[in-house]
Amino acid sequence: MTPRTPHSSRPLAVFDLDGTLADTAHRQRFLERTPRDWDGFFGAAPDDPPLPEGVRMARESAAECEVVYLTGRPERCRRDTLDWLAAQDLPEGRIWMRRDHDRRPARVTKLEILKRLAAGGREVRMLVDDDELVCVAAEQAGFTVVRARWAATSAALRDAQERDGRT
């Protein structure tokens, strides 16, 4: 049996949450209202069913990589997010979240964090995300991207990701 490499030198596998690991379909209705109900949207996150394809990929990645999570969820959702990840038996890993009042698009905030991770000397083996604009920005910056296309995303959620900078 080969000994595991310490976490500090293992490559990183970076996973988005909403639409990649967590099925948000049941709470997208909160974004179809005017005004959008962000408290309702994030408040319903603990009830998200897992997305089997994303969960499988995260678990398999943990064999060779340190799994970290990069989400557009606001920091105030940290406890619910930690509890949800544990309930799904997903690999432990650092969670990078959006500051509570940061409204920049995810393609900006996530790329900023990916670059910070890579600048620290760590290999970012892959980013797994469902947001096409995040994927394009990451690829243009030289990162390997896996597009999570296994969940249904509403037009309201896509619009909210880009215009409102909330997820």
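FYI, the working numbering numbers position 106 of the sequence shown as 88, with every residue one higher than the one before it. Just so it is clear, CB atoms sit at the ideal spot from N, CA and C, and this is done for glycine as well. Here the structure is a predicted model, which is why all the values come from computation and not from measurement.
- Supposed close pair Ala80, Glu57 - CB separation, criterion 8 Å: Taking the sequence shown and counting its residues from 1, one reaches residue 80 at position 98. Taking the sequence shown and counting its residues from 1, one reaches residue 57 at position 75. The question names Ala, but residue 80 is Arg in the sequence shown. Contact flag correct, Cβ pair sits at about 7 Å.
- Sheet register partners of Arg41 (DSSP bridge): Taking the sequence shown and counting its residues from 1, one reaches residue 41 at position 59. For Arg41, which the question treats as bridged, DSSP gives no partner whatsoever.
- Task: Measure the Cβ-Cβ separation of Arg129 and Cys117 and say whether it is below 8 Å.
- Result: As a first step, residue 129 must be located in the sequence shown, where it is residue number 147. As a first step, residue 117 must be located in the sequence shown, where it is residue number 135. Against a cut-off of 8 Å, the Cβ pair of Cys117 and Arg129 comes out as a contact.
- If you draw a straight line from the C-alpha of Gly25 to the C-alpha of Asp5, how long is it? Here residue 25 corresponds to residue number 43 of the sequence shown, with the count starting at 1. Here residue 5 corresponds to residue number 23 of the sequence shown, with the count starting at 1. Each residue's Cα considered, the two are about 14 Å apart.
- Item | Where Pro56 sits in the DSSP three-state scheme | Numbered from 1 along the sequence shown, position 74 holds the residue referred to as residue 56. Three-state result, Pro56: strand.
- Item | Within the region -6 to 32, ranges of the beta strand (DSSP E) (whole runs, at least 3 residues) | -6 to -3
- Query: Between which two residues does the alpha helix (DSSP H) harbouring Leu72 extend?
  - Reply: Mapped onto the sequence shown, residue 72 falls at position 90. Neither: Leu72 is in no alpha helix (DSSP H) and is coded neither H nor E.
- Message: If I measure Cβ to Cβ from Val37 and keep anything under 7 Å in the same chain, skipping five residues before and after, which residues do I get?
- Response: Your numbering for residue 37 matches position 55 in the sequence shown. Leu3, Gln70, Leu72, listed in sequence order.
- What is the DSSP secondary structure of Arg129, reduced to helix, strand or coil? Counted from its first residue, the sequence shown places residue 129 at position 147. Reduced to three states, the DSSP call for Arg129 is strand.
- If you draw a straight line from the alpha carbon of Ile77 to that of Glu14, how long is it in whole angstroms? Residue mapping note: residue 77 aligns to position 95 of the sequence shown, counting from 1. Residue mapping note: residue 14 aligns to position 32 of the sequence shown, counting from 1. Approximately 28 Å, taken between the alpha carbons.
- How would you label Glu48, buried or exposed, when you count the other beta carbons within 10 angstroms and need 16 or more for buried? Locating residue 48 in the sequence shown gives position 66, counting from the first residue. Under this definition Glu48 is a buried residue.
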